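*Asks:*
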Ligand SMILES: [Mn+2]
Ligand SMILES: [Mn+2]
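Chains as they are written, first to last, in the working numbering: chain Z, 1 to 222; chain G, 1001 to 1222; chain W, 2001 to 2222; chain V, 3001 to 3222; chain S, 4001 to 4222; chain H, 5001 to 5222; chain U, 6001 to 6241; chain E, 7001 to 7241.
1. Would you say residue 2015 of chain W lies against chain H (beta-carbon separation less than 8 Å)?
2. Would you mind telling me which residues of chain S sit closer than 7 Å to residue 7003 of chain E, beta carbon to beta carbon, in chain order?
3. Measuring from the CB of residue 6210 of chain U, is there a heavy atom of ligand 1 at a distance below 7 Å?
4. Quick one: list the residues of chain C neighbouring residue 4207 of chain S, beta-carbon separation under 9 Å, in chain order.
5. Look at the alpha carbon of residue 6241 of chain U and the alpha carbon of residue 1067 of chain G, and state the distance between them as a whole number of angstroms.
6. Looking at the unbroken alpha helix (DSSP H) that takes in residue 2155 of chain W, where does it start and where does it end?
7. Start and end of the alpha helix (DSSP H) containing residue 6171 of chain U?
8. What is the rounded straight-line gap between the Cα of residue 85 of chain Z and the Cα of residue 167 of chain Z?
9. Which whole-angstrom value is the C-beta distance of residue 1154 of chain G and residue 1076 of chain G, which I expect to be below 8 Å?
10. Roughly how many whole angstroms lie between the Cα atoms of residue 3156 of chain V and residue 6028 of chain U?
11. Mind reading off the beta-carbon distance from residue 2146 of chain W to residue 2187 of chain W? Whole number of angstroms is fine, and I expect it under 8 Å.
12. Where residue 6079 of chain U and residue 6221 of chain U are concerned, what is the direct C-alpha to C-alpha distance, given to the nearest angstrom?
13. Relative to chain Z, which residues along the stretch 1015-1041 of chain G have a C-beta separation below 8 Å, given in chain order?
14. Quick one: does residue 2151 of chain W have its CB under 8 Å from some CB of chain H?
15. Under 8 Å, Cβ to Cβ, is there at least one residue of chain G near residue 2224 of chain W?
16. Should residue 5959 of chain U go down as buried or exposed, given a rule of 16 or more other Cβ atoms within 10 Å for buried?
17. So what does DSSP say about residue 3219 of chain V, is it helix, strand or coil?
18. So the candidates are G:1122, G:1208, G:1151, G:1028; which of them puts its Cα closest to the Cα of residue 201 of chain Z?
19. Given 7 Å as the limit, tell me if residue 2175 of chain W has its C-beta closer than that to any heavy atom belonging to ligand 2.
20. Please go through the same chain and pick out, in chain order, the residues whose beta-carbon is closer than 7 Å to the beta-carbon of residue 5100 of chain H, but skip the five residues on each side of it.
21. Any Cβ of chain Z within less than 8 Å of the Cβ of residue 3217 of chain V?
22. Please report the straight-line C-alpha distance between residue 7190 of chain E and residue 7142 of chain E, rounded to a whole angstrom.
23. Starting from residue 1089 of chain G, find everything on chain W with Cβ-Cβ shorter than 8 Å and list it in chain order.
24. So what does DSSP say about residue 1048 of chain G, is it helix, strand or coil?
25. In chain V, which residues lie less than 8 Å from residue 2204 of chain W when you measure between Cβ atoms?
26. Using DSSP's beta-bridge definition, name the partner residues of residue 7135 of chain E.
27. Any beta carbon from chain Z within less than 8 Å of residue 4195 of chain S's own beta carbon?
28. Does the beta carbon of residue 7153 of chain E fall short of 7 Å from some heavy atom of ligand 2?
29. Out of E:7192, E:7149, E:7087, which one is the CA nearest neighbour of residue 7103 of chain E?
30. In the DSSP assignment, find the alpha helix (DSSP H) that holds residue 6081 of chain U and state where it starts and stops.
31. Within its chain, find whatever has a CB closer than 7 Å to the CB of residue 5189 of chain H; leave out the 5 residues flanking it on each side and keep chain order.
What follows is the structure, encoded as structure tokens:
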């Protein structure tokens, strides 16, 4: 075999290792940030409505600082190789989307869109061959948010907030019927979508409990 | 190998591939229809009694259009090969039975029988070596219906329908004791049947809540 | 649930058990016969060419007696249910095809065809919704035969038969190129087909050994 | 969920399905071509040297027609998504490289280089974010070629070609020592490389047999 | 191998086997004690608050007798080899910590500290390189305690103790937020920590149930 | 549970535990002996025929000393409970049978019978309900012997012993046809019997190699 | 040995092995039959116990009697197994016999519990597997314990299906205490009985389900300042057909 | 403990755990580096040993020297690990360190065998993992044995790749005897060293492969009434470039 060819082959084989190590390092940082964010958001369950804005404000800077991470990862990836490496950080990015969507709902009662999620995470259009936010990851983040809301609804009532269940019930029903319109493959997303049904059921039971006791007046959905 | 023989062997092998592809295509359509039906039926949980007939009427045409699918599948299957291919659509057909049974109950308060289910799905007696509705699939459909009713009962009360729990309670108890009479093997059907007792319990709890709150006048039922 | 309906459902559920037991019994007999046949055929490896016809003659009656079995199984299967039960005897029938094909080659040097295999096993056209010989099982039988021939070729040379390797090499090459023309799915048949390559290689090495030593004159294939 | 957003999400999800289906179709074609090529190349083992060029010439057009496939696949893949889909055709492309390398050796006695392999398969530099030939796949192809040559060497001798073993021995030794210079990871490639030593040993045995029988005149090789 | 070397290796091996056997014996005893303790503690679920002190008092002597075991094990271990052998008793020691922590909470409502746990088990500072209580094992014990408390909270309410849920909820939330501060590896501790989330949710639902029914007045956490 | 009942159950249990511990101890010793025996027998592969008797003589005393073990085990087992405990030593006894059978063949070229195997291991007729040598274990031993012989045959040729292959081939063929007469269940014995086929093939290939080269004159089997 | 004598010896082996296989098959069949009978007995018990009745004790007695009657079919099968399991054969085929015996114990102990609210003892079980001439075959400690472990699963189903019935709530509490007792009594046997540890965690699971059901009842009743029986009556009034 | 003190305590835990994790990561990295160096050393040995050379002994010495030189890089890494593995830490992180050490032993023993045709002793290995101040960390019996077990796989490759070379045949026979010896010497340790049993069956496999290669050579040479060296010379004549 020609020594020059051999050298080239070897160079091609070895280049990948470096990329992988660089990404690993960034993902570690990403994970740390995400853990902090999720840690703070864990307090929503014992936070009365009035203190909620302050709590949410305290997370925002950490969430925004994730932009440094996405920038670094995008920088580490060779052109066109987004799909080769993306599995390395998909858990982290889903968690970040989860946080952003939860904050959005708690602040404005509205649903975080995919482009808005990209924007919050500082993902730039021109990186698209190296870093983007795939639909699947966005949807995973939304499902995690619903999972969390089904817990939140219980704690809100405990804290005397009887309006929240109805509001969340409507919000989640909307997301749920959105998901039923999507053409999901038989993969992890599909399986997690099944979990939404349980969350919805749980939330409906809370609405039932408060309405049965006339703690709130229920109007039919939409 | 004799070229003629080879050709014949290949024809046989390719024929199977053809059948499988045709069925796959139909099952895809079937799945789509089922998804739409289930999507619409998801609205029963927020639909007041008065609007229920209209809702159910809107599903019927889609459900009936499944006959095209069953006809196409039956047409694609070579004589005598029902058992070879049936696993490909069993999930879809169970969902269709579920829908038909749910509609039947919500409309008339009665239980959909196996022959009636076959009829709704347009399954014809003369197809029997190519397409039929196996007992197991019918029973799976019924169990799914009970699962859904245990959720429905909660939402009906939320919407102020205090009669429904008693009615559903009696209906489900009847189905439950029917299942106890069947000699089920130790398979997935047995396991799902085991889950019915939780549905029954949930429904009983709602009956209990409602009764004690004297939200329903004390009078002999039925 | 209507008691009459219940009874009917139960009858449907219980019928299958009886069929399965009847088939199991026949398959046991089938297995016994097949074991005897394979046992006798095991002797080909130490049988000189001159005694081969006598050996093959001694297997034939046992092989033909398998017709009783296929008849009994066909009789036990309800109309249209061939594909439901066929896995129960596929190992036995593949072994029977193997035996028939091996005998055919050793006797006439020719390849057993699918219709001829059906005929030897007494499978009747009019059973086709209850019992037939699927292509896959026929092909499995052929592969087993090639596996056995790759062992036989070695023992033939040991016994001083230097012509056989060339003959078998040509026969197997023919079968091998036949298989490459078939459109096999990615299943067990495909995997076993890969084993043919090893058999062919082994046979070619034997041909090499005898030709290198000028024990036989080699002419190019076809 | 905003209907417009939903539609966009669905469009994104469905687009992927479309890409995947298109590729699947092309890969099926690719597989067919590869099967034909490999089928023809199977004849090298019984083809005398003199008829070899004609045989190789008969494969070339089919091999070159693979360019249509690579072009179609490259056309089906969205920009930057090479790494997302590449596993779908890696088996086929390895087989194509195998064929190209085998033809190259049998024709010219030389080793097919990576750029030359790309060229034969019609892979264009400007596709590089959608379709390229990874080193790993190229190396897999070479190993398959050596596997085949270890079989070819035996059959060449059977057909009276006593020069080939020495030539192949040197060619394979060269490739083998080339591989020892590569820094392979502990993956399937490493495991297959490990198998090369058996091929080498087999070839050496043939060289040994042939040399000792003085079937080749003692003269400096090359 | 050189016979002298072999002898040396054998001597090394025999020594290790001796240590291992001695420990095994002690661990067996440890297991027995732990099983008794856990068995008695199982009764907390049916014990009314007033009888709890007596129940807890009955466990203490058995728990304290574990000191004999830890002393024997520490005596059997060669210097510096704590980490070599610790897996042999980690299940037992985690169970012991679990028991001690549960008793502490049920008696005083407070969290057992690591040094206090060591003290109860009679672990001495000067054994440090032969026997100590690693943080991991202590944390495993705490998680087991929370698992048990989530079950206890349910049974307490059944027995009419409506104050307990709120108290346990606050206690567990403290522990939970402690855990969220840790950077756990992807190991069994991490997986068990994930289970804490379910416990917390379950406890919150009990608090919800009793507060919804005004059986207790809930004040925001912190 | 009634405390008296509990006590009775405990007494039963303790008795069983006692039996089990006693056997365990003996099995440990048995294992050690067997390991020594197998270790020495490993040398047959590099021992020329002339030194074989001396090697075999050196194993005999160790093998005979196994009688102490079988006697002790038989003494520990309650009447009629042979089958309850036998799995504890079946690996050891199979290895012992293997050794005895291998020695017998290498010494006399004959097959060790089951009664003779029992005798060598000192198993006495009157222990029958407490300790005996089941057919299965004896057969496992024979299969292990054949496995070893298939390796031995290769090494014998390497050492220049060209007669051995034919002799072993005939010996193994006898055993093989014995096995084909048995109706084995689908268990480990069946699976290991399948391995015999490979051994036989390997041996046949060695016979082929030496006969092809006229190193020995082959006569047809039987 | 010559070739022929080898074949002759293997002929003998074949007979031994075939005999053993046939006996094993017969015992597997018998065990499966016992299992089916026992499962049917369990279903029967569940069914009868849920019937409407003014007298719960009488209903329980009737259920237990029907269950035991069904189980008497198993008794006949056990009797027929006696010669197959004589002497050292019992342990040889124990693995084949075990599943049926355990399912039988599950059913028998269920009937016993329904009638007596108590655990059937080892001796009581052994007594039913035998006749005047003594046991058909020995009862092993492990079969006894594993069979009882399965009982807890049935009791869970019993408690939960029963909970909506009048008097079902105190019953659920009673079953809860009983299962808790079983679980802690069996704990000491875990290290020495194969598979018991797995079954204990199934029991733990069942126990949690019963506890959850009992809790739900307690919580739902807690809003009303009335004794549980009166609540039951009120509900009954509303829902009676 | 109050809420704040709970958090303070966990803060301490976090530090402990982070410190442990960081050390573990560093050691894993070091172990991986050692593994890579060792693998490269093994490749190097294979490569040099196959070179053409008039003097086999000299070639072997050169191969061993190159291998050992490569392995000296591992020595530096081991030295740097000393403070991380002091006292009771060695056993705490043994699992992380083990793979590198075993691969190192595999490479070192390969170099040793190539040069001396003999097994490197436990003490000789320990001596290379240390300096004038003593060992960097203790060598465990199990790492020693498992590393040597892997050696047999490399020796198999060595024997088979080598067999076509002049003098490769007697070498193959020698390796065969050596591996056979290893296998039987290690047998006694099997019950007490985790994973050794698996490695022994890999060794058995390698041994069979070497035996098959030696057999093929013997059989092919058997047709000629000439000594093996002369056969080699004849072949060399034909094939020399
Ligand atoms: Mn059960
Ligand atoms: Mn290695």
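Ideal placement from N, C-alpha and C gives every residue a C-beta, glycine not left out.
For clarity, every value in this text was computed on a predicted model and none was experimentally measured.
*Replies:* Let me spell this out:
1. no
2. Within chain S, the residues whose beta carbon sits less than 7 Å from that of residue 7003 of chain E are 4174, listed in sequence order.
3. no
4. Reference to chain C is not applicable here, since the protein chains of this structure are Z, G, W, V, S, H, U and E.
5. Note on residue 6241 of chain U: pLDDT 46, under 50, position unreliable in the model; no value is reported.
6. 2135-2158
7. 6168-6187
8. 39 Å
9. Contact doesn't hold; Cβ gap of about 42 Å is too wide.
10. Annotation: residue 3156 of chain V to residue 6028 of chain U spans about 60 Å, alpha carbon to alpha carbon.
11. Actually they do not touch by this definition, with Cβ atoms about 18 Å apart.
12. 51 Å
13. 1035, 1038, 1039
14. yes
15. Look at the range of chain W in this structure, 2001 to 2222, and you will see that residue 2224 of chain W is not part of it.
16. The question about residue 5959 of chain U has no answer here: the residues shown for chain U are numbered 6001 through 6241.
17. With a pLDDT of only 39 at residue 3219 of chain V, under 50, the local geometry of the prediction cannot be trusted, and no value is derived from it.
18. G:1151
19. no
20. 5063, 5112, 5117, 5120
21. Unreliable placement is indicated for residue 3217 of chain V, whose pLDDT of 46 sits below 50; no coordinate value is reported for it.
22. 10 Å
23. The premise fails here: residue 1089 of chain G is roughly 15 Å from chain W at the closest Cβ pair, so nothing lies under 8 Å.
24. Reduced to three states, the DSSP call for residue 1048 of chain G is coil.
25. 3045, 3151, 3154, 3155, 3158
26. E:7130
27. no
28. yes
29. E:7149
30. Per DSSP, residue 6081 of chain U is one residue of the alpha helix (DSSP H) stretching across 6056-6081.
31. 5136, 5139, 5140
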